[in-house]
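Written below as C-alpha cells is the structure these notes are about.
In the numbering used here, the protein residues as written are 250 to 458.
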C-alpha cells in the first residue's frame with residue numbers, strides 16, 4: 250500500500266472508531282442515568298421496570314472499549330515518530346487504564362442487578378467510574394490535546410476545548426451530574442474533525458521536544 254493511501258486511511262479509521270465509541274459510551278451513560286436518576290452510589294436504587302436499561306448499558310460497554318482502543322491506536326499510529334515519548338507514554342497509559350477501569354466499573358455495576366441490601370457492588374462501581382475512570386479520561390484528553398496542538402493536528406480552539414474538558418473531568422466531574430458525558434462528547438468532536446479534514450503531519454515538523 251502506498252504511503253499516501255496509508256495516511257488517508259489512518260485518520261479515517263480514527264474518525265470512524267472515535268465516533269462509534271462516543272455514541273456507544275454516551276448511550277450507556279444515558280441508560281444508567283435514566284435507570285439510576287439519583288446518580289449517587291448511596292441512592293442507587295434501580296426500579297424493576299428499568300433494569301433492562303442497566304443490562305443494555307453493560308452489554309454496550311465492552312464494545313465501547315474496543316472502539317476506544319481502535320481510536321487511540323489510530324491516533325498514535327498517525328503521529329508516529331514525531332511524538333514526544335514522555336507525553337505519548339502518558340497518552341497510551343491513561344487510555345489503557347481508562348478502558349480497564351471502565352470494564353471494572355461495568356462488571357461491578359452488574360452485581361447491582363442481583364444485590365440484596367448490600368451496597369458494596371454499586372459503591373465500588375460508582376467509585377471506579379467517577380474517581381478513577383473519569384480521571385484517567387481527563388489525562389487522556391489533556392495529553393491528546395497537547396499532542397494534537399504540538400503537531401498542528403488540532404486547531405487551537407479544539408485544543409483549548411480539550412484542555413477545558415480535561416480539567417473539568419479531573420477536578421469536578423464527581424460533583425457534577427451528567428458531566429461524564431463530556432468525554433464521549435469530546436471524542437465525537439475530535440472524530441468529526443478528523444473525518445472532515447484528516448490528520449496531516451506537517452512536513453516541517455520534526456521530533457517533538
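Ideal Cβ positions, reconstructed from N, Cα and C, are used throughout, including at glycine. None of the values given here were measured: they were computed from a predicted structure.
Cβ shell of residue 359 (< 6 Å), same chain only, five flanking positions each side left out: Cβ-Cβ distances below 6 Å link residue 359 to 307 in the same chain, with the five nearest sequence neighbours on each side left out; the list follows chain order.
Own chain, CB closer than 8 Å to residue 352, minus 5 neighbours either side, in chain order: When the five nearest sequence neighbours on each side are left out, the beta carbons in the same chain lying within less than 8 Å of the beta carbon of residue 352 are those of 310, 311 and 314, in order along the chain.
Member of 424, 422, 373 and 410 whose CA lies at the smallest distance from the CA of residue 439: Check the Cα spacing between residue 439 and each of 424, 422, 373 and 410: the tightest is with 410.
Three-state secondary structure (DSSP) of residue 372: The three-state reading of DSSP puts residue 372 in helix, counting H, G and I together.
Residue 333 to residue 345 span [Cα, whole Å]: Cα to Cα, the separation comes out at about 18 Å.
Beta-carbon proximity list for residue 357, same chain, < 7 Å, skipping 5 on both sides: These residues qualify, in order along the chain: 370, 373, 374 and 377.
Coil, strand or helix - residue 404 by DSSP: In the structure shown, the three-state DSSP call for residue 404 is coil.
Given residue 422 as reference, the closest of 350, 392, 391 and 383 once Cα atoms are compared: The shortest C-alpha separation from residue 422 is found at 383.
Pairwise C-alpha distance: residue 432 and residue 275: Rounded to the nearest whole angstrom, the C-alpha separation of residue 275 and residue 432 is 9 Å.
Rounded C-alpha distance that separates residue 388 from residue 299: If you take the alpha carbons of residue 388 and residue 299, they lie about 33 Å apart.
Pairwise C-alpha distance: residue 280 and residue 416: C-alpha of residue 416 to C-alpha of residue 280: approximately 25 Å in a straight line.
Closer than 7 Å: residue 275 CB and nearest the ligand FAD heavy atom: Looking for the ligand FAD in the displayed structure turns up nothing, as the structure carries no ligands at all.
Under the three-state DSSP convention, the category residue 426 falls into: Three-state result, residue 426: coil.
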